[in-house]
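In what follows, a structure is listed as structure tokens, so that the remarks can point back to it.
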Amino acid sequence: MLTSVYMANMAAMTQPIPVGFYNCSKMQSFIMNDVAAPGPLSPLMGQWSDLRTLNLDNVPLSGPIPQQLLNLPNLTSLSLSSMPSIVGPFSALNLPQLQILSLMRTGITDVSINVLTTPNIKALTLVQNPLTRFPAWIAEATSLTNLIIENNGFASQSFPDLSRLRNLATLSIKTEAFLGGLPDVFEPLRMLQAVVITSTQLNGTIPQSIFSGPPSVYLSNNQFQSLPANLSKNCTIEIFYASSNRLSGPELATLAACRRATRFDLQNNQLGPTVPFVILRLPKLLVLDLGNNNFSATEPAASSPASALPTVINLPNNRFSGPISEGLLKSIIQFGGTWNFENNLLECP
2 MLTSVYMANM AAMTQPIPVG FYNCSKMQSF IMNDVAAPGP LSPLMGQWSD
52 LRTLNLDNVP LSGPIPQQLL NLPNLTSLSL SSMPSIVGPF SALNLPQLQI
102 LSLMRTGITD VSINVLTTPN IKALTLVQNP LTRFPAWIAE ATSLTNLIIE
152 NNGFASQSFP DLSRLRNLAT LSIKTEAFLG GLPDVFEPLR MLQAVVITST
202 QLNGTIPQSI FSGPPSVYLS NNQFQSLPAN LSKNCTIEIF YASSNRLSGP
252 ELATLAACRR ATRFDLQNNQ LGPTVPFVIL RLPKLLVLDL GNNNFSATEP
302 AASSPASALP TVINLPNNRF SGPISEGLLK SIIQFGGTWN FENNLLECP
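When we follow the working numbering, the leftmost residue of the sequence shown carries the number 2, and every step to the right adds one.
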């Protein structure tokens, strides 16, 4: 009894999927990658009541997703990618075992899941589908551990409140349009390990709670104007990227509360004019990127020792000019490491 099918790299196959496959009532895994089998996505797949895995990648199937496929009682993983002719809504009303859903580069216009009858979804990937709104049900999918959403063409809307997703370990949202700021909802999300929110047009102040949860935070290519004024001693950030925003103001020194930090990347902002060397005393800091800002001066060298680690301090394309001051030279000697002042107008004393 056939229970598993794997077909890949079959560009010469120009016939539809053989009907005989659909008669295999004990099918548990059906995977086709880069197979040139045309035709509609068949409702006969709904006969596979034992199916666990369905993966169709770059297969020229077309039409809407049959409702029979969205009621398979044992389906745990469903992946459709590089299938732009699969169109219409995806409305899963009853997939009680579904844990992994990946829809990438399809023609699907709406994704709707009843979280009461499909309660076990853990990983959701929505990439380059013609969606216009962030699916509201996601905020109620409390079993989610991994959420990846990218370049679906959302119309401008507020960023969703994801505070109920307390099992979330990875949050990645890229190249989507949002109005206003990023809500301060990260405090309950204690399982988060990485937050990636880039190219979203979010603005305002970066929320304080994002510094007290995930060790890795990437917020580049947004419109944020400021860092939090005060960070608690519970800052857990290890890697923080916020390049290419509109950050300005004196709050940069508050990052000194991040005692676990190994890298700050704050290039391409409007920070300045003074580099707060208090950050360089962080015990684990390896790289501080402050290029393409408005820095023109440094604080006096601190009396307390700097990090013993080989810190790289990048300050290219800022506004340092004239002879290197005695204070700056003293700071460079004290803090050591590698300093980059490329494309400034400094002169040797």
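All C-beta atoms in this analysis are idealised placements derived from N, C-alpha and C, irrespective of residue type, glycine included.
Note that the coordinates shown come from a computational prediction; the quantities given were computed from them, not determined experimentally.
Could you tell me the alpha carbon to alpha carbon distance between S113 and L71, rounded to whole angstroms? 11 Å
Going by beta-carbon coordinates alone, are S200 and T176 separated by less than 7 Å? yes
Quick one: what does DSSP say A37 is sitting in, helix, strand or coil? coil
The alpha helix (DSSP H) enclosing Q335, as first and last residue numbers: 327-336
Backbone CA spacing between V45 and T206 [nearest angstrom]: Note on identity: in this sequence residue 45 is Leu, with Val being the wrong assignment. Distance between the alpha carbons of L45 and T206 is about 52 Å.
Residue interval of the beta strand (DSSP E) (run including G323): 322-324
In three-state DSSP terms, what is P317? coil
Check L267 in the structure and name its three-state DSSP category. coil
Should the region 131-138 be regarded as contacting the region 181-195, the criterion being three or more beta carbon pairs within less than 8 Å? In the pairwise beta carbon analysis, the region 131-138 is classified as not touching the region 181-195: fewer than three pairs are separated by under 8 Å.
Helix, strand or coil: how does DSSP classify S351 here? Beyond the ends of the chain as shown, which are 2 and 350, falls residue 351; an answer cannot be given.
Identified DSSP bridge partners for L81: Answer by DSSP bridge pairing, in chain order: L57, L104.
Counting along the chain, where does the alpha helix (DSSP H) carrying V20 start and finish? 20-23
Classify P215: buried if its beta carbon has 16 or more other beta carbons within 10 angstroms, exposed otherwise. buried
Extent of the continuous beta strand (DSSP E) run through G154: Run containing G154: none; DSSP gives neither H nor E here.
Is any heavy atom of the ligand ATP found at a distance shorter than 6 Å from the C-beta of Q335? Looking for the ligand ATP in the displayed structure turns up nothing, as the structure carries no ligands at all.
Using CA coordinates, which residue listed in M11, I109, L190 is at the minimum distance from G154? I109
So for W340, helix, strand or coil by DSSP? strand
Spatially closest choice to V186 from N204, P161, S221, by CA coordinates: P161
Can you tell me which residues form a DSSP beta bridge with V128? M105, E151
Backbone CA spacing between E188 and K234 [nearest angstrom]: One C-alpha to the other measures close to 14 Å.
Residues near S50 by beta carbon distance below 8 Å, same chain, minus five either side: S26, L73, P74, N75
Taking Cβ positions, are L220 and A243 nearer each other than 7 Å? yes
Which first and last residues belong to the beta strand (DSSP E) in which L289 is found? Where L289 is concerned, the enclosing beta strand (DSSP E) stretches over 288-290.
Reduced DSSP category for L172 - H, G, I as helix; E, B as strand; rest coil: strand
Could you name the residues of the same chain whose beta carbon sits closer than 6 Å to that of S245, not counting the 5 residues immediately before and after it, in chain order? S221, N222, N269
Reference L248; option with closest CA among L316, C259, L291, P19: L291
Three-state secondary structure (DSSP) at I114? strand
According to the neighbour-count rule (16 or more other Cβ atoms, all chains shown, within 10 Å of its Cβ), is P229 buried or exposed? buried
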